[in-house]
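Data block below; observations after.
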Amino acid sequence: MLKLTPGKTCIFCGETKGQKIVAQKIRGMMVTKERNNGIKNHRIEITKGGQTEIYYFSYWGFEDKMSSEIIDRAKQLIQNLKHPWFCQKCGKRICSICGEPINYPVGSDIIFESGCTTHIPIIPADLGCINQKCKKYRKFDWFKSKI
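Okay, so the sequence shown: first residue is 16 according to this note's numbering, each after it adds one.
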């Protein structure tokens, strides 16, 4: 996966709540310079200074959401050297009570503003959600550091 900074909003719903997710086991997206076998690939050519670079936008597990409009939106982001991502609601990492993002999006690869990614492992604990009005709310500052 290339190190690109994330787009401004979720590729699907335009929201910005919670962490910016790029991959999970059953759904995800990535930008590479090589074609990936076994998953959907879309070729994108970017011309800079007379030279053309080839990128591939690949995704898995989003067959119900990945319309031609979404693919065009992803291509536009990549042409601007931004990485598409999806929010915790679209990635189904939400509170079981209120539907807001959970504090710790388990089993997800998230992208930071710098373009760095990290994997959030599954842990056997409920770390609550971000909604202060929810009974599962818990203050959680794990991701407040800038990477």
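Built from N, CA and C at the ideal position, the CB exists for glycine as well.
What you are looking at is a predicted structure, and each value in this text was computed from that prediction instead of being measured.
> Got a sec: does the ligand NAD put a non-hydrogen atom nearer than 6 Å to the Cβ of residue 116?
Replying inline: By its list of ligands, the structure shown contains no ligand whatsoever, and the ligand NAD lies outside what it can speak to.
> Which value, in whole angstroms, describes the spacing of the CA atoms of residue 90 and residue 118?
Replying inline: Whole-angstrom Cα-Cα distance: 30 Å.
> Run through DSSP, which three-state label would residue 66 get?
Replying inline: Correct three-state label for residue 66: strand.
> How should residue 112 be labelled, buried or exposed, when 16 other C-beta atoms within 10 angstroms of its C-beta is the threshold for buried?
Replying inline: exposed
> What's the C-alpha gap between residue 55 and residue 88?
Replying inline: 16 Å
> To the nearest angstrom, how far is it from the Cα of residue 39 to the Cα of residue 154?
Replying inline: 24 Å
> Should residue 145 and residue 122 be called a contact, given that it needs their Cβ atoms to be closer than 7 Å?
Replying inline: Result no, Cβ atoms of residue 145 and residue 122 do not sit closer than 7 Å.
> Are residue 22 and residue 102 close, meaning C-beta to C-beta below 7 Å?
Replying inline: no
>> Only counting the same chain, and skipping five residues up and downstream in sequence, which positions put a Cβ closer than 8 Å to that of residue 148?
In response: 113
> From this set, 45, 130, 108, which residue's C-alpha is nearest residue 72's C-alpha?
Replying inline: 45
> Under three-state DSSP, which class holds residue 163?
Replying inline: Here the chain comprises residues numbered 16 to 162, so residue 163 is not present and cannot be evaluated.
> Among 99, 67, 62, 120, which has the Cα closest to the Cα of residue 139?
Replying inline: 120
> Which stretch, first to last residue, makes up the beta strand (DSSP E) that contains residue 124?
Replying inline: 123-126
>> I'd like to confirm the pairing. Which residues does DSSP put opposite residue 46 in its beta bridges?
In response: 72
> residue 109: which of 82, 141, 83, 134 sits nearest, CA to CA?
Replying inline: When 82, 141, 83, 134 are compared, the shortest CA-CA separation from residue 109 is found for 141.
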